[in-house]
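S.K.: Residue numbers (the numbering used here): 10 to 240.
Cβ atoms here follow ideal geometry from the backbone N, Cα and C, with glycine treated the same way.
I am attaching a structure below and will ask some questions about it afterwards.
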């Protein structure tokens, strides 16, 4: 079993995700677990949206959200075509963006941006990319299954750069991922994000997707951890 992590440039657009799918397909015999970052540039855009919302610039924040929505929906359409699956993933993506808009509105009313709130906003990049990539893999014959990383990457409550709880991660990874691997599935998780034992969303800090891959590799006793980038 291996863990393969793909950075934002490797899932930055349709062509990049196609290349990533080919790489994963070539590694199916090694039973990969896949960790993906947000689409290139998304996390920075989300951090800008959070700051604008808290500063009362809600109209600018909404414009930023709609730009991201259109980009992600375009990738879904290009990758999956106009069929039923594309519609379902597109609907899920839109629901997440609606949630993000409500969160931005709340921050605008409060006029405050706490580390916990910033983590909540920043998490949307991986929460969007991982299901899209998983669906694209599945359509291309890879038996991919999306797994919400927050069910596996258990951390403390040090928002902004949460400390992983290694024992809890090991238990969760074996419970959530090993059965999928035994069934010949390819788990796909977002990197960078986690959650406390109470289920509150956290992040591991910038560069956290590589850290996520390393933690999963250790938890599952992987033979290798591969870090891929198009840069």
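Compute the Euclidean distance between the alpha carbons of residue 187 and residue 13, then round it to the nearest angstrom.
M.R.: Taking the first residue of the chain shown as 1, we reach residue 187 at position 178. Taking the first residue of the chain shown as 1, we reach residue 13 at position 4. Rounded to the nearest angstrom, the two C-alpha atoms are 16 Å apart.
S.K.: From residue 149 to residue 25, what distance separates their C-alpha atoms?
M.R.: As a working mapping, residue 149 is identified with position 140 in the chain shown. As a working mapping, residue 25 is identified with position 16 in the chain shown. Each residue's alpha carbon lies about 14 Å from the other.
S.K.: Compare the beta carbon distance of residue 42 and residue 196 with 7 Å and say whether it is the shorter of the two.
M.R.: Position 33 of the chain shown holds residue 42. Position 187 of the chain shown holds residue 196. Yes.
S.K.: I need the straight-line Cα distance from residue 203 to residue 135, nearest angstrom please.
M.R.: To locate residue 203, count along the chain shown from 1; it is residue 194. To locate residue 135, count along the chain shown from 1; it is residue 126. For residue 203 and residue 135, the distance between alpha carbons rounds to 10 Å.
S.K.: Using only the alpha-carbon positions, how far apart do residue 298 and residue 65 sit?
M.R.: Only positions 10 to 240 of the chain appear in this structure, which leaves residue 298 out of reach.
S.K.: For residue 192, tell me which candidate among 88, 113, 27, 151 has the shortest Cα-Cα distance.
M.R.: What you label residue 192 is simply residue 183 of the chain shown in a count that begins at 1. Answer by Cα proximity: 151.
S.K.: Give me the residue from 70, 19, 212, 106 with the minimum Cα distance to residue 82.
M.R.: Start at 1 with the first residue of the chain shown, and residue 82 comes out as number 73. Ranking 70, 19, 212, 106 by Cα distance to residue 82 puts 106 first.
S.K.: DSSP on residue 171, reduced to helix/strand/coil?
M.R.: Within the chain shown, residue 171 is the residue found at index 162, counting from 1. Three-state result, residue 171: coil.
S.K.: Using the Cα positions of residue 123 and residue 51, report the straight-line distance between them to the nearest angstrom.
M.R.: Taking the first residue of the chain shown as 1, we reach residue 123 at position 114. Taking the first residue of the chain shown as 1, we reach residue 51 at position 42. Computed Cα separation, rounded: 20 Å.
S.K.: Which residue wins for smallest C-alpha separation from residue 140, given the options 118, 117, 176, 94?
M.R.: Within the chain shown, numbered from 1, the residue matching residue 140 stands at position 131. Taking only the C-alpha atoms, the option nearest residue 140 is 94.
S.K.: With a threshold of 8 Å, are at least 3 pairs of Cβ atoms found where one atom belongs to the stretch 203-215 and the other to the stretch 155-163?
M.R.: Cβ pair count under 8 Å is three or more, so yes.
S.K.: Leaving out the 5 sequence neighbours to the left and right, which residues in its chain are closer than 6 Å to residue 194 when beta-carbon positions are compared?
M.R.: Locating residue 194 in the chain shown gives position 185, where the first residue counts as 1. These residues qualify, in order along the chain: 152, 154.
S.K.: Assuming residue 120 and residue 69 are in contact, meaning their beta carbons sit under 8 Å apart, how far apart are those beta carbons, in whole angstroms?
M.R.: The sequence position of residue 120 within the chain shown is 111, counting from 1. The sequence position of residue 69 within the chain shown is 60, counting from 1. Not really, about 15 Å apart at Cβ, beyond 8 Å.
S.K.: So, for residue 73: in the same chain, excluding its five sequence neighbours on each side, which residues have a beta-carbon less than 8 Å away from its beta-carbon?
M.R.: By one-based count along the chain shown, residue 73 stands at place 64. 54, 57, 58, 61.
S.K.: By the DSSP assignment, the alpha helix (DSSP H) with residue 140 in it spans what residues?
M.R.: Walking along the chain shown from the start, residue 140 turns up at place 131. Counting along the chain, the alpha helix (DSSP H) containing residue 140 begins and ends at 133-148.
S.K.: Taking 7 Å as the cut-off, decide whether the C-beta atoms of residue 212 and residue 201 are in contact.
M.R.: Counting from 1 along the chain shown, the entry for residue 212 is found at position 203. Counting from 1 along the chain shown, the entry for residue 201 is found at position 192. It is a contact, given that the beta carbons lie within the stated cut-off.
S.K.: Contact check, residue 22 vs residue 85 under 8 Å by CB: the rounded distance?
M.R.: What you label residue 22 is simply residue 13 of the chain shown in a count that begins at 1. What you label residue 85 is simply residue 76 of the chain shown in a count that begins at 1. Going by Cβ atoms, the distance from residue 22 to residue 85 rounds to 12 Å, so no, they are not a contact pair.
S.K.: Going by DSSP, name the residue or residues bridged to residue 15.
M.R.: Within the chain shown, the letter at position 6 stands for residue 15. Looking at the DSSP assignment, residue 15 forms a beta bridge with 45, 237.
S.K.: Thinking just about the alpha-carbon of each residue, which of 224, 118, 218, 167 is nearest to the one in residue 177?
M.R.: One-based indexing of the chain shown puts residue 177 at position 168. Closest by alpha carbon: 224.
S.K.: Who are the near neighbours of residue 87 in its chain, counting only those whose CB is closer than 7 Å to its CB and skipping five residues on each side?
M.R.: The residue given as residue 87 occupies position 78 in the chain shown. Excluding sequence neighbours, residue 87 sits near 23.
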